[in-house]
Structure formats: structure tokens, C-alpha cells
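The block underneath contains the structure these notes are about, expressed in C-alpha cells.
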Amino acid sequence: MNEPQVEPQGALQGAARAPKSAMPSTSGMATPTASPRVTAGARRAAPVTPRQLVIAKIVVFMASLYPLARLILFGVTGQLGANPIEFITRSTGLWTLVFLCITLAVTPLRRLTGRAELIRLRRMLGLFAFFYALLHFTTYFWLDQWFDLHAIVKDVIKRPFITVGFGAFLLLIPLAATSFQAAVRKLGRRWQTLHRAIYAIAVLAILHFWWMRAGKNDLELPQIYATIVAVLLGFRIVWALLARRKAARAA
Ligand code: HEM
């Protein structure tokens with residue numbers, strides 16, 4: 001997904017604002033008034049007050065902690081099932097995917113609803129995707145493999161579903177590390193290119209899930225998530241093509 005016309009996702013970003021020189025006008029991080037694409041094709045919604053935005057951020061933050069709270073509660077009350085490690089691995093894996101999808105949904109939602117403020121929630125959602133990925137990987141690395149580096153390397157090489165999951169996780173790290181304003185300023189346009197990796201991450205995450213469940217002949221959930229990711233990426237492709245056509249007509 002290296003199309004310049006595709007609206008940059010900046011998935012682990014959103015709250016931080018890039019300097020204008022660093023971001024082209026198509027930036028997903030543009031302010032409501034700075035980006036004509038924000039409300040294109042959608043009714044302009046009433047602006048949200050700073051207080052409402054703070055409340056929204058607190059609500060999203062608390063809600064994003066639900067998967068962790070649930071795991072802790074299940075752990076304390078002995079409800080993690082016969083295989084607690086498998087339960088935690090699967091739960092954190094699935095929530096990573098859920099947060100990736102929610103993060104990818106911000107831009108289409110913003111454009112369809114005209115709610116430019118949604119972008120202010122994107123960085124937090126992206127960082128929660130990373131947080132759950134880190135828990136997922138830590139569960140595997142620690143509880144499943146007991147820090148056995150040799151066994152882990154062997155596993156990553158031998159099992160394709162682990163290989164792609166590992167690839168997705170590795171790609172997430174630089175996005176999380178550069179999701180802050182100082183990094184946006186420092187990287188300039190390169191930041192945007194880097195954050196497009198979110199599309200590859202989503203595809204690798206689906207492959208990881210698909211491959212893992214294919215071995216168990218249970219593809220229902222991977223098919224649902226694959227459809228969601230395809231729709232979310234499809235939105236961007238369609239918008240990019242429309243923008244390109246419009247630009248060609250104007251030229
Ligand atoms: C962005 C990164 C990742 C995402 C989105 C992700 C997502 C998932 C999902 C959705 C599942 C299946 C959950 C279920 O069956 O309900 C899963 C399972 C699993 N993942 Fe990941 N994963 C990621 C990275 C990794 C990494 C880096 C590793 C290890 C190196 C890993 C190892 C596993 C293992 C061992 C399972 C469970 C397999 C089983 O129970 O048989 N994943 N992951």
C-alpha cells in the first residue's frame with residue numbers, strides 16, 4: 001500500500017499534530033479546518049468542545065482497558081480454563097486485531113460522519129493495539145516458551161503463522177515508537193511513509209490468524225476479520241482512486 005493518494009493512516013498517531021511542512025494536505029492528522037477532505041461527502045457535524053473531547057478520551061481509555069481487566073478478573077477468579085496460557089495468548093491476540101481494526105476504522109468514520117475530532121482518539125487506539133500485541137508476544141515469549149530464545153527462533157522459522165505474526169509485531173514497534181509529536185516533527189514526510197506500514201500489519205495479522213485457524217479447520221472468525229480489514233482498506237483505495245481522477249480532471 002504505497003499509494004501517495006491513499007489517505008495516510010498514521011495509525012499510532014492522531015492526537016499529535018504534525019507541522020504543516022511535514023505533512024501534505026491529505027494528512028490524516030490535519031486539523032478540522034485545515035483538511036477539506038475531512039468533511040468531503042459528509043455533513044459537517046457540530047464541533048465538539050474541548051471538555052467533551054477530554055471526556056471522550058477518558059471513556060475510550062477506560063473501555064480500552066476492558067480486555068486487560070477481564071483477563072485479570074478471570075485470572076484471580078480461576079476462570080482462565082484448563083489451559084490458561086492458551087486462553088491469555090488467544091485473548092490478547094484477538095484484542096490486538098480488534099484494536100488494529102478500530103484504529104483503521106477511524107479515518108473512514110471521520111470522513112463518513114464529518115466528525116474530524118475522531119482523529120484525536122486514533123493515537124490512543126493505535127497504542128492500545130501495540131499494548132495488547134506486546135502482552136500477546138510476552139505471553140508467548142515468557143509463559144509459553146520460557147525465554148528459550150533457541151526454541152523461539154526455531155518456531156518463528158518453522159511455523160509460518162508465527163513468522164507472519166512476528167513480522168506484524170516487529171512492524172508495529174517503530175510505529176509505536178514514533179507516535180509522539182517530537183517524532184512526527186523530526187521525521188517530517190518520512191513519518192507518513194513509515195506509518196503506512198499499518199496496512200501491511202493488518203494484512204499480516206489476518207494471515208497470522210487465518211493460518212493458525214486453518215490448522216484447526218475453523219475459519220469463521222478469520223473470515224469475518226478479513227472482510228472487515230478488506231472493507232477498511234478498500235475505502236482508502238476507492239477514495240485514493242477518486243481523488244486521483246479528480247486531480248486528473250482538474251489538470
Ligand atoms: C500484530 C501482531 C499480532 C496479532 C494481531 C496477532 C493476533 C492473533 C490472533 C487473532 C490469534 C488467534 C486468537 C484466537 O484463536 O482466538 C493469535 C494467536 C496466536 N498468536 Fe498472535 N498475533 C500477533 C503477533 C504474534 C506474535 C509476535 C507471536 C509470537 C511470536 C504470536 C503468537 C501466537 C500464538 C502462539 C497464538 C496461539 C496459537 C494457538 O493457540 O494455537 N502472535 N494471534
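Taken in order, the sequence shown gives residues 1 to 251; the numbers are from full-length UniProt numbering. Cβ coordinates follow ideal geometry from the N, Cα and C atoms, glycine included.
query = At a cut-off of 6 Å, is Gly-126 close to the ligand HEM when judged by its beta-carbon and the heavy atoms of the ligand?
reply = No, the ligand HEM has no heavy atom inside 6 Å of this Cβ.
key: Terminal residues of the alpha helix (DSSP H) in which Thr-113 lies   = Segment 84 to 113, the alpha helix (DSSP H) holding Thr-113.
key: Beta-carbon proximity check, Phe-166 vs Leu-125, cutoff 7 Å   = Against a cut-off of 7 Å, the Cβ pair of Leu-125 and Phe-166 comes out as no contact.
query = By the 10 Å Cβ neighbour count, where 16 or more other Cβ atoms means buried, how is Met-62 classified, buried or exposed?
reply = For Met-62, the number of other beta carbons within 10 angstroms of its own is below 16, and it is reported as exposed.
ask   = Can you list, in chain order, the residues of its chain whose CB lies under 7 Å from that of residue 278, leaving out five sequence neighbours each side?
value = No answer is possible for residue 278: it lies beyond the span of the chain, which begins at 1 and ends at 251.
ask   = Okay, do the stretch 106 to 113 and the stretch 150 to 166 touch, 3+ Cβ pairs below 8 Å being the bar?
value = Contact between the stretch 106 to 113 and the stretch 150 to 166 is absent, because fewer than three Cβ pairs lie under 8 Å.
task = Please name the residue in Phe-74, Trp-239, Leu-65, Ala-205 whose C-alpha comes closest to that of residue 258.
result = No statement about residue 258 is possible, as the shown extent of the chain runs from 1 to 251 and does not include it.
ask   = For Lys-57, which option in Val-229, Arg-236, Arg-120 has the closest C-alpha, if you only look at C-alpha atoms?
value = Comparing alpha carbon positions, the residue from Val-229, Arg-236, Arg-120 closest to Lys-57 is Arg-120.
query = Using the C-alpha atoms, what's the distance from Leu-53 back to Glu-117?
reply = Between Glu-117 and Leu-53, the alpha-carbon positions lie close to 8 Å from each other.
inquiry  = Helix, strand or coil, according to DSSP, for Ser-179 in the structure here?
reply    = Three-state result, Ser-179: coil.
request  = Return the first residue and the last residue of the alpha helix (DSSP H) that Tyr-132 is part of.
outcome  = That run of the alpha helix (DSSP H) goes 119 to 138.
ask   = Would you say Glu-117 touches the ligand HEM, meaning its beta carbon is less than 6 Å from a heavy atom?
value = Flag unset: Cβ of Glu-117 not near the ligand HEM.
Nearest-angstrom beta carbon gap, Arg-122 and Ala-45 [assumed within contact, 8 Å] = No, Ala-45 and Arg-122 are not in contact; Cβ-Cβ is about 17 Å, not under 8 Å.
query = For Val-48, does the three-state DSSP call read helix, strand or coil?
reply = In the structure shown, the three-state DSSP call for Val-48 is coil.
Heavy atom of the ligand HEM within 6 Å of Arg-159 beta-carbon = Checking every heavy atom of the ligand HEM against the Cβ of Arg-159, none is found closer than 6 Å.
Contact test: Thr-138 Cβ vs the ligand HEM heavy atom, cutoff 6 Å = Thr-138 Cβ: outside cutoff for every heavy atom of the ligand HEM.
inquiry  = DSSP three-state label for Asp-155, please.
reply    = DSSP, reduced to helix, strand and coil, places Asp-155 within a helical segment of the structure shown.
request  = Could you spell out where the alpha helix (DSSP H) holding Leu-221 opens and where it closes?
outcome  = Here the alpha helix (DSSP H) through Leu-221 covers 220 to 250.
Rounded separation between Ser-25 and Arg-196 - CA only = Any reading at Ser-25 needs caution, since the residue's pLDDT is 31, under 50, leaving its predicted position unreliable; the model's value is listed next. In this structure, the straight-line span from the alpha carbon of Ser-25 to that of Arg-196 is close to 16 Å.
ask   = Nearest-angstrom Cα distance between Leu-194 and Arg-70?
value = When rounded, the distance between both Cα atoms is 33 Å.
Neighbourhood of Tyr-140 by C-beta, 7 Å cutoff - its chain only, sequence neighbours within 5 removed = Residues Thr-89 of the same chain have their beta carbon placed closer than 7 Å to that of Tyr-140, with the five preceding and five following residues left out of the count.
ask   = Looking at Pro-160 and Trp-211, is the spacing between their C-beta atoms short of 7 Å?
value = Closer than 7 Å, so yes.
inquiry  = Along the chain, where does the alpha helix (DSSP H) containing Arg-213 start, and where does it finish?
reply    = Judged by DSSP secondary structure, Arg-213 falls within the alpha helix (DSSP H) whose first and last residues are 197 to 214.
ask   = If you compare alpha carbons, which of Trp-146, Ile-224, Phe-235 is closest to Tyr-199?
value = Out of Trp-146, Ile-224, Phe-235, the CA that lies nearest to the CA of Tyr-199 is found in Phe-235.
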